[in-house]
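Asker: Mind having a look at this structure? Questions to follow.
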Amino acid sequence: MNEQDPTTAGREVTPSSGHGTAVRLDDGHHVGGGGIPERFTNPGLPTHVPRMADLTEEAAARAEKQVAALFSLSIIATVLFVVFYFLVDIDQTVFVPGIGMMNASHLSLGLTLALGMLGIGLGAVHWAKTLMPDEEVVEDRHPMRASDESRARVVSELKGGGESSQITRRPLIKYTLGGALGLFAVPLLLQVGGSMGKLPQKSLSLTFWNGGPSGPGEEPTFKSMRLMKDPENEPIKASDITIGSVVHVLPEGLLDLEHGVLEEKAKAAVLLMRLEEEKIQSQKEKDWGYQGIVAYSKICTHVGCPVGLYEQQTHHLLCPCHQSTFDVTQDCKVIFGPAKRPLPQLKITVDDEGYLVSAQPFREAVGPSFWERG
Ligand code: FES
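Under numbering that gives the first Met the number 0, the final residue of the sequence shown carries the number 373; numbering is consecutive throughout.
Okay, structure coming up:
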C-alpha cells in the first residue's frame, strides 16, 4: 500500500529545478523542496545555453590549447624580458617607424612586460569563458528562524534566570534598578548636549568685517578695513594679485586681537581671486570687485568647511568636505554638491595708496545654511 507523504497530502507535487520537489499548496502558492518557497528555489534565472566546449570533447580540447597558448605567450614574453634586461644597453636607441628614435631598453622591456601580463590576463578570461562552469545556480540556505523547541528553551532559561536572581520576587530591587538605569542616561545626554555648544544663531551675520570684534553684545560700526594676507598679516595692493592667483585674507586688526582670534577668524576668513575681467559674467561681481579681483567668504555654505581648492582654468572653488563646487564667474553660484546657496561676497575696492579694502561688510550670514541667521 502506498503511504502518502504527510507533508504533501492535499497538494499537487511537481518537479522543481533541481532543488528537491516543488509543491503547490491548496492556496495556489508554491514551496520548493524542504518547504522553501519556489520564488527562492527558482527565482527566474535564464535558461543555461551550453557552449561548444560543454558539448564536445574536441571543442573543450581546442579551448584548452588556446588557453595554454596564451599562457605560453606570457612565458615567452617574460623570458624575453629577462634576456633584454641583461643584454640591451640602457643608453641604446632604436629607430621605430612612425615614431622615431626610442630608447631600446625601455621599448623592449615595456613591450615584453606588457605581453607577459596580457598573456596571463587573456588566458584567464578565455579559460573562464570556455571551460569554467558558467551556469547560474541558487544556493539554498537553512531557515534563519530557530526551532520552536529552541525558542521555548531560551524563554524558559530567561525566566529561570530572572527567578534565580529573585528580581521577580523583590519589587523594591526591580523598581529601583529601573529608576537607576533610566536616570543614568541623563548625565550622558547633558554631556553630549553641552559639548556641542550653543548654536551660533544670529552671530554668523556679524563678522569682523562689520568693523571689529563681533562677539555677543558687540555691534560694531562699519569701517573700511584693509585686506590682510593670512598668515603674514600684511596689506595687499591690487597690483600684487596676479590673474589666476588665490590669496587667503583676513580683516585688518583681527590677528592683533588679544582674545577670540580663532572665533573671529573662523567667520571672517576670505578668499581673494583675480580673474580676467571679461570672464566675469555677473554685473554684481564687476561692481563689488576691483579690476577682476573678487573676494568671497571661505566658509562653505553647506556645513562650514573651509573652501580651499581653486581651479584657475575653470574658475571653480571646491569644498573638499563634500565636493560642493562654486563658480567664481557667476557670483560663486553652486554648480555641484550639497551646498544650497552661493558663498557670500565681500565688496572690495582700493584706498588712496592702492591697498585693497572692504567697501561694506558681508550682506548675508556666512557659513552653513541650516543655522538660524539674522
Ligand atoms: S561643507 Fe562644503 S560641501 Fe559640505
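Every residue, glycine too, gets a C-beta built ideally from N, C-alpha and C.
Just so it is clear, the structure is predicted and the values come from calculations on it, not from any experiment.
If you reduce the DSSP assignment to three classes, tell me which class PRO360 lands in.
Answerer: coil
Asker: Can you tell me whether DSSP reads ASP326 as helix, strand or coil?
Answerer: strand
Asker: Does the Cβ-Cβ distance between VAL293 and ARG273 come in under 9 Å?
Answerer: yes
Asker: Going by C-alpha distance, which of LEU112, THR92, LEU130 is nearest ALA62?
Answerer: LEU130
Asker: Using beta-carbon positions only, say whether ALA52 and ALA58 come within less than 9 Å of one another.
Answerer: In contact: ALA52 and ALA58 (Cβ atoms closer than 9 Å).
Asker: In chain order, what residues place their C-beta within less than 7 Å of a heavy atom belonging to ligand 1?
Answerer: CYS299, HIS301, VAL302, GLY303, CYS304, VAL306, CYS318, CYS320, HIS321, GLN322, SER323, GLY336, PRO337, ALA338
Asker: What three-state label does DSSP hand PRO367 in the structure shown?
Answerer: coil
Asker: Smallest Cα separation from PRO319: which of ALA76, THR167, HIS301?
Answerer: HIS301
Asker: State the DSSP-derived secondary structure class of ARG61, mapped to helix, strand or coil.
Answerer: helix
Asker: In its own chain, which residues sit with a C-beta less than 6 Å from the C-beta of GLY122, not counting the 5 before and 5 after it?
Answerer: VAL66, LEU69, PHE70
Asker: Which stretch, first to last residue, makes up the beta strand (DSSP E) that contains ILE334?
Answerer: 332 to 335
Asker: Give me the residue from TRP208, GLN359, LYS236, LEU188 with the minimum Cα distance to GLU352.
Answerer: LYS236
Asker: By the DSSP assignment, the beta strand (DSSP E) with LYS266 in it spans what residues?
Answerer: Counting along the chain, LYS266 falls outside any beta strand (DSSP E), though it belongs to the alpha helix (DSSP H) covering 260 to 267.
Asker: Residues in its own chain within less than 8 Å of LEU256 by CB, not counting five upstream and five downstream?
Answerer: By the criterion of a C-beta distance shorter than 8 Å, LEU256 is surrounded in its chain by PRO212, GLU263, once the five residues flanking it on both sides are discounted.
Asker: Within 9 Å (strictly less), CB to CB, does GLU262 reach chain B?
Answerer: No chain B is part of this structure, which consists of one protein chain only.
Asker: Do LEU79 and THR111 have their beta-carbon atoms positioned less than 9 Å apart in this structure?
Answerer: Yes, the pair counts as a contact, with Cβ atoms nearer than the cut-off.
Asker: Check whether the Cβ atoms of TRP287 and ILE347 sit closer than 9 Å, and answer yes or no.
Answerer: yes
Asker: Quick check on DSSP: helix, strand or coil for VAL302?
Answerer: coil
Asker: Can the beta-carbon of ASP229 be found closer than 9 Å to that of ALA268?
Answerer: Less than 9 Å divides the Cβ of ASP229 from the Cβ of ALA268.
Asker: If you count every other CB in all the chains shown that lies within 10 Å of the CB of PRO170, and 16 or more means buried, which is it?
Answerer: exposed
Asker: If I'm right that LEU271 touches VAL245 with Cβ under 8 Å, what's the distance once you round it to whole angstroms?
Answerer: 7 Å
Asker: Leaving out five residues on either side along the sequence, give the residues of the same chain with a beta carbon under 8 Å from the beta carbon of ARG144.
Answerer: none
Asker: Once DSSP output is grouped into helix, strand and coil, what is the label at HIS47?
Answerer: coil
Asker: Can you pull the DSSP bridge partners for TYR354?
Answerer: LYS236
Asker: Near SER73, which residues of its chain fall below 8 Å by C-beta distance, leaving aside the five closest residues on each side in sequence?
Answerer: Once the five neighbours on either side are set aside, the close Cβ partners of SER73 are LEU114, GLY115, MET116, LEU117, GLY118, ILE119, GLY122.
Asker: Whole angstroms are fine: how far does the CA of LYS278 sit from the CA of ILE242?
Answerer: One C-alpha to the other measures close to 11 Å.
Asker: For GLY214, which option in ALA358, LEU205, LYS128, THR220 has the closest C-alpha, if you only look at C-alpha atoms?
Answerer: LEU205
Asker: Where LYS64 and GLN311 are concerned, what is the direct C-alpha to C-alpha distance, given to the nearest angstrom?
Answerer: Using only the alpha carbons, I get a separation of about 56 Å.
Asker: Excluding sequence positions up to five away, which residues of its chain have a Cβ less than 6 Å from the Cβ of LEU226?
Answerer: ILE235, VAL248, LEU355
Asker: Thinking just about the alpha-carbon of each residue, which of LEU345, ALA338, ASP88 is nearest to the one in PRO367?
Answerer: Of the listed residues, the one whose Cα sits closest to PRO367 is ALA338.
Asker: Relative to the C-alpha of PRO89, which residue among ARG168, ALA364, LEU108, TYR309 is closest?
Answerer: For the record, residue 89 in the displayed sequence is Ile; it is not Pro. Considering only alpha carbons, the answer is LEU108.
Asker: Taking ASP239 as the reference, which of GLU156, VAL136, GLY291, GLY259 has the closest Cα?
Answerer: GLY291
Asker: Which whole-angstrom value describes the C-beta separation of LEU345 and TYR295, a residue pair presumed to lie in contact below a C-beta threshold of 8 Å?
Answerer: 7 Å
Asker: Where does the unbroken beta strand (DSSP E) through VAL248 begin, and where does it stop?
Answerer: 245 to 250
Asker: State buried or exposed for ALA364, treating a residue as buried only when at least 16 other CB atoms are found within 10 Å of its CB.
Answerer: buried
Asker: How about PRO132: is its Cβ closer than 8 Å to a heavy atom in ligand 2?
Answerer: Ligand 2 is not part of the structure shown, which contains ligand 1 as its ligands.
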